[in-house]
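K.L.:
Protein chains in written order, with my numbering: chain V, 6 to 245; chain X, 58 to 461.
Listed below in C-alpha cells is the structure:
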C-alpha cells in the first residue's frame, strides 16, 4: 500500500480560487466519482487560500493566470505542501500547476520566478502562445486534451516526461509534462481526467498501490470520440 | 474630421447597405457584418463620422449585453439606432448607424472593443454589466479586460458610467471615472473576482457587501438598488418583467439607470421594458419537428449558472445543446465551472457537437442524461420544452425551427 493511502482516498483540490482558471476543479470531481463508484472510501477537500494544507493522498494543482499563479506558489511555499509531498503525498498538476512544481517559471514582470523545486523543470516564455488541441502518447495509450499556455518547459535529463507530443506543444513540441515517483503533470488543462478516464484510473491505482477493476462510464465514449476526431477519423452526424 | 461627410464616406455607406442587402438576400448571413467590414475598409473613420451629432448609450460586459441594449432601445421609445442582431464589433456598429438616421443610438459593444467604440461615438453613458470568464482560448484573461477598461475610463470626463457595484472587476474598471452611477444588483457569479484586482489577496463576499484587506470594497454611494423592489435615485418602481430570470431583473435595473442618465423618465421607460417578451430569439417559443420548444441562450459559466437558477423551479425534461466552434470557444472545459448538480432529479437530453462532453459532465454530477443521436430517442410531449444552448448551437436551433 502506498504511503499516501490509509484506507480513505483523500483528494485535496488546492487553491481552486487561484488555480482553477477553466474547469480544473473537474479533475477532483472525476477522481472522487471514479473511486466512489468502485466502493473506495473517498473524501474531497477544497483547500482555500486561508486554509491549512491538509494531509491528503493526492493533491490537485490547476491552471491559473499570471498573478494568481505567483500568489499560489508563494502560498504553497509557506505551507506544508512540500513536506506532505515528501512524506508520501501524490500530486497531479496541470498547466500552471506543472510550472509551479518545477524549478522556475516566467510570469508577467519576471522571467525567472522561483517554483517549488519538487521537479527539475525550467519554464521560459515561449515565442508564441500554445492554444489548441493536445494529443500525447503515454506508454501504449493516448492522452487527449486542450492546452492554453505561453510556456516552454525544459526538463532535467533525469526527469521523465509524461509522454510524447503527437499534436500541439506540451512542454516543447516534443514531450509533455513529467512523471516522477510523487508527481504527474501535463499541459492538457482543465478537466483532462474527464476526457481521459484511463488516466484518472491510473492515478487512483498508483495512489492505492494496486490495479483497479475496469469501470464503464459515459467518459469512455467521449474519449473514443475525441481520439477519433483529433487523430483524423471524424465522427457521427448531429441534430438539428 | 468627424461630422464632415466626404465622398469617401458616402461611398462607404452605400457599400455597407449594398453588401448587407446581398448578404441577407443570399441568406449567407444576418446582413450586419460583411457590409460594415467593406465600409470600414473604404473609410476607416466611418464609425466616428456616422456617430457625429447622435446621443449614445454603450453597453458592455460578459453577459446580458444584447438584452440590456434591447431594454434601452425599447425604453427610450421612438426610433433608436441599435445593433439588434448582436453584431457588437465595429462592422456591426457601422451597419446599425447606416440603417437608422435616429439621433439616439444604443450599441452593445464587445468587451475588447469598448475603447475604440467610446473614442468613435463619444457616448453620454456606458453601462458596464459584469465581467467573467468566457472563451479563454481566443479572448483575453478577464482581469486584463478590467485593467484596460480602467486605463481608458479614468480619462473620461464627459460621460457617466452605469456600473455593477457587486462585481469587483467592474468596480475596479469604473472606480476612477468622475461620474459613476453604481447599481447594487444581484450578481451571483464571483469566481473570477475571488482574488482582489488591486492586491490579489482574497475578496471577502458577505450578504450585503464585499471587501478586500487593502481597502478595495463595494461602493457605498448607490444610485440604483434592486431587491424585491427597484429603487433608482431613491424612487421606487414596480419591475414586472415579461422576460424570465433574476439576471434579467439586474439587466433591466441597469438599463433604466442608463436611460435616467440621458434624461428619460424612468416611469415611462419602465412599462416598455416590462412588456419586452423576447430578445433576438432568446426565450422565444419555436416549433421543431413537432415539438414546441422555448429557446434559451447561455454562453459561459456565469450565463449557464444564472440560467440554471431560473430553470430550477420545474422538474421537466430539459434539452441542452453544446458546440465548441470559434464563436463558442474551442474548449468546453468550462462545463466543469457550471453547477449542473442543480439539475439532479431531472432528465437532460444532450445535443450538439459536444454532447458527449456534456453527458460526461452530467454523469459525474449525478444527473440523468440521454445522448441524442437521432430524433427517435425523443419523447413526444404536449408541453413546452426548454432548449438551453450555447452560442452557435442556439443559432442552429433558431435557424432549424419555426415560429410557434
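Virtual Cβ for every residue (Gly too), placed ideally from N, Cα, C.
(1) State buried or exposed for residue 145 of chain X, treating a residue as buried only when at least 16 other CB atoms are found within 10 Å of its CB.
(2) What do you reckon, are the CB atoms on residue 159 of chain X and residue 137 of chain X nearer than 9 Å?
(3) Using a beta-carbon distance cut-off of less than 9 Å, what residues from the region 19-38 of chain V approach chain X?
(4) Output, in chain order, the set of chain X residues within a Cβ distance shorter than 8 Å of residue 72 of chain V.
(5) Can you find a C-beta in chain V that's less than 9 Å from the C-beta of residue 421 of chain X?
(6) Runs of 4 residues minimum, wholly inside the region 171-220 of chain X: which ones carry the alpha helix (DSSP H) assignment?
(7) Output needed for residue 51 of chain V: all residues of its chain with C-beta closer than 7 Å, excluding positions within five of it in sequence on either side, in chain order.
(8) Between the C-alpha atoms of residue 28 of chain V and residue 396 of chain X, what's the straight-line distance to the nearest angstrom?
(9) Kindly list, in the order they appear in chain X, the residues whose Cβ is closer than 7 Å to that of residue 196 of chain V.
(10) Start and end of the beta strand (DSSP E) containing residue 132 of chain V?
(11) Report the neighbours of residue 228 of chain X on chain V: residues whose CB is nearer than 7 Å to its CB, in chain order.
(12) Tell me the rounded alpha-carbon separation between residue 218 of chain X and residue 147 of chain X.
(13) Would residue 224 of chain V pass as an interface residue toward chain X - the criterion being a Cβ-Cβ separation below 9 Å?
(14) Rounded to the nearest angstrom, what separates residue 23 of chain V and residue 452 of chain X at their Cα positions?
(15) Hey, does residue 200 of chain V have any beta-carbon neighbour from chain X nearer than 9 Å?
(16) Verify the CB distance criterion: does residue 114 of chain V have a CB-CB separation below 9 Å to chain X?
(17) Given a cut-off of 9 Å on the beta-carbon distance, is the pair residue 126 of chain V and residue 164 of chain V in contact?
(18) Provide the residue(s) that pair with residue 115 of chain X in DSSP beta bridges, ordered along the chain.
(19) Is residue 222 of chain X buried or exposed, if buried means 16 or more other CB atoms sit within 10 Å of its CB?
(20) Taking the CB atoms as reference points, tell me whether residue 274 of chain X and residue 377 of chain X lie closer together than 9 Å.
(21) Rounded to the nearest angstrom, what separates residue 54 of chain V and residue 252 of chain X at their Cα positions?
(22) Using the Cβ count rule (16 or more neighbours within 10 Å means buried), how would you classify residue 106 of chain X?
(23) Report the residue ranges of all beta strand (DSSP E) runs contained in full by the region 399-436 of chain X; include only those spanning at least 3 residues, in chain order.
(24) So for residue 200 of chain V, helix, strand or coil by DSSP?
(25) Let me know the secondary structure DSSP gives residue 107 of chain V once reduced to three states.
(26) So is residue 46 of chain V in contact with chain X if we call contact Cβ pairs under 9 Å?
(27) Flag residue 142 of chain V as yes if its beta-carbon sits less than 9 Å from any beta-carbon of chain X, otherwise no.
(28) Note down, in chain order, each residue of its chain lying with its Cβ closer than 6 Å to the Cβ of residue 339 of chain X, except the 5 sequence neighbours on either side.
(29) For residue 55 of chain V, which residues in chain X fall below 9 Å Cβ to Cβ?
(30) List, in order along the chain, the chain A residues whose C-beta lies closer than 8 Å to that of residue 227 of chain V?
(31) Would you kindly report the start and end of the unbroken alpha helix (DSSP H) that includes residue 367 of chain X?
(32) List the residues of chain X whose Cβ lies closer than 9 Å to the Cβ of residue 127 of chain V, in chain order.
(33) From residue 240 of chain V to residue 119 of chain V, what distance separates their C-alpha atoms?
(34) Please state whether the Cβ-Cβ distance between residue 102 of chain V and residue 156 of chain V is less than 9 Å.
(35) Hey, would you say residue 191 of chain X sits closer than 9 Å to residue 356 of chain X, going by beta carbons?
(36) Mind checking who residue 269 of chain X pairs with in its DSSP beta bridge?
P.N.:
Looking at the atomic coordinates:
(1) buried
(2) yes
(3) 21, 22, 23, 25, 26, 27, 28, 29, 30, 31, 32, 34, 35, 37 and 38
(4) Contact note: residue 72 of chain V reaches chain X through 200, 252 and 257, using a C-beta cutoff of 8 Å and chain order.
(5) yes
(6) 171-178 and 199-210
(7) 18 and 21
(8) 11 Å
(9) 390 and 393
(10) 126-143
(11) Those within 7 Å of residue 228 of chain X in chain V number zero; the least Cβ separation is about 17 Å.
(12) In this model, residue 218 of chain X and residue 147 of chain X are separated by some 21 Å (Cα to Cα).
(13) yes
(14) 34 Å
(15) yes
(16) no
(17) yes
(18) Paired residues: X:164 and X:183.
(19) buried
(20) no
(21) 10 Å
(22) Result: buried.
(23) 404-408 and 425-428
(24) helix
(25) DSSP places residue 107 of chain V in the coil class of the three-state scheme, outside both helix and strand.
(26) no
(27) no
(28) 354
(29) Around residue 55 of chain V, the beta-carbon contacts reaching into chain X at under 9 Å are 259.
(30) No chain A appears in this structure, whose protein chains are V and X.
(31) 358-368 is the span of the alpha helix (DSSP H), which, as asked, contains residue 367 of chain X.
(32) Within 9 Å Cβ-Cβ: nothing; residue 127 of chain V doesn't reach chain X, min ~24 Å.
(33) Only weak support is given to the placement of residue 240 of chain V: the predicted model assigns it a pLDDT of 46, under 50, and the value that follows is read from those uncertain coordinates. Going from the Cα of residue 240 of chain V to the Cα of residue 119 of chain V covers about 44 Å.
(34) Taking 9 Å as the Cβ cut-off, residue 102 of chain V and residue 156 of chain V do not qualify as a contacting pair.
(35) yes
(36) X:260
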